[in-house]
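Reviewing the structure listed below.
Numbering (our numbering), first residue to last: 9 to 281.
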């Protein structure tokens, strides 16, 4: 009941001031963000009107930590954990929740902008900004019922005509409002540990709700967890194992339908180690 109440509040209150943004991010046509003349393009364009793109990439550092880099080398670190290489430089850091495995902002150098998705009082902190050529917004969500009403923040990153979403520690299926924001996302990073977050069945349901071209499993530290999820997911979607922890992104490499890309863990651990 508490979860339904929180999500109901999300739809009725939190999204009202951001209605324009919800319609703007990854929209099917050129739009103006925040009524400030910031032009964005559709994430899944028809090709004819899409701008010429260089290569973008995401680099996974383990757990839920990623480096997201645009074609112009703007760098954003998402959810830095205690294993993120100290000294990594970035222009911005996003934090989906305040657990110590997600908020090690001190590991990131370069005087980055720190964008915390929730406050220290565990309430949602709305973000809507641009860092160079990456536009960043967030939408409120919730962690699993075992965490009560502790907030989680879904971050959406738009760069060029590519759109990525980091789901943080999501603990519920998406609401209609959240689906509206995420429906044109090209890449989602979703937690698959199935212990403190969603179980495998619900993870697949969230993927079904969004249907992004690429799904990247995250939030696990033992290699066996990825294999278990891959075995389950391949009954629903094609699964590709990537030999590196870095994935180069561009419009041409996106699959026509949803595929799961399991990146190589930068620090693989097996049972018994």
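Glycine included, every Cβ here is placed at the ideal spot set by N, Cα and C.
Nearest-angstrom Cα separation, counted from residue j out to residue i
i, j, result
"residue 146", "residue 134", "6 angstroms"
"residue 87", "residue 215", "21 angstroms"
"residue 170", "residue 128", "31 angstroms"
"residue 181", "residue 210", "7 angstroms"
"residue 264", "residue 124", "33 angstroms"
"residue 85", "residue 79", "15 angstroms"
"residue 250", "residue 236", "16 angstroms"
"residue 95", "residue 245", "37 angstroms"
"residue 103", "residue 243", "32 angstroms"
"residue 280", "residue 239", "Interpretation of residue 280 is limited by its pLDDT of 40, a score under 50 that renders its predicted location unreliable; the figure taken from the coordinates is listed afterwards. If you take the alpha carbons of residue 280 and residue 239, they lie about 21 angstroms apart."
"residue 142", "residue 230", "32 angstroms"
"residue 205", "residue 159", "13 angstroms"
"residue 207", "residue 255", "25 angstroms"
"residue 122", "residue 212", "31 angstroms"
"residue 178", "residue 136", "20 angstroms"
Residues near residue i in its chain [Cβ-Cβ closer than 8 angstroms; skip 5 each side]
i, result
"residue 7", "As shown, the chain starts at 9 and ends at 281. That puts residue 7 outside it, with no answer to give."
"residue 248", "267, 268, 269 and 270"
"residue 107", "177"
C-beta contact flag for residue i and residue j at 9 angstroms
i, j, result
"residue 139", "residue 100", "yes"
"residue 253", "residue 111", "no"
"residue 93", "residue 64", "no"
"residue 150", "residue 120", "no"
"residue 162", "residue 175", "yes"
"residue 167", "residue 82", "yes"
Endpoints, beta strand (DSSP E) assigned at residue i
i, result
"residue 7", "An answer regarding residue 7 cannot be provided, because it is not within the stretch 9 to 281 covered by the chain."
"residue 83", "83-86"
"residue 186", "Note, residue 186: premise wrong, no beta strand (DSSP E); alpha helix (DSSP H) at 184-190."
"residue 227", "No beta strand (DSSP E) holds residue 227; DSSP gives it neither H nor E."
"residue 76", "73-77"
"residue 124", "121-124"
"residue 167", "159-167"
"residue 256", "254-257"
"residue 146", "142-150"
"residue 100", "100-103"
"residue 174", "170-174"
"residue 65", "64-70"
Beta-carbon proximity list for residue i, same chain, < 6 angstroms, skipping 5 on both sides
i, result
"residue 172", "165 and 195"
"residue 89", "71, 73, 109 and 112"
"residue 221", "194, 262 and 263"
"residue 241", "247 and 268"
"residue 117", "95 and 97"
"residue 260", "none"
N- and C-terminal bounds of the alpha helix (DSSP H) containing residue i
i, result
"residue 130", "No alpha helix (DSSP H) contains residue 130, which DSSP labels as neither H nor E."
"residue 217", "208-218"
"residue 233", "231-241"
Near the ligand COA: residue i beta-carbon under 8 angstroms from a heavy atom
i, result
"residue 254", "Among the components modelled here there is no ligand, and therefore nothing to report on the ligand COA."
Other residues of its chain near residue i: CB distance less than 7 angstroms, five sequence neighbours each side excluded
i, result
"residue 275", "70 and 91"
Distance between beta carbons of residue j and residue i, contact taken as under 8 angstroms
i, j, result
"residue 76", "residue 105", "Actually they are not in contact, since the Cβ atoms of residue 76 and residue 105 sit about 18 angstroms apart, beyond 8 angstroms."
"residue 191", "residue 223", "Residue 191 to residue 223, Cβ: 15 angstroms. No contact."
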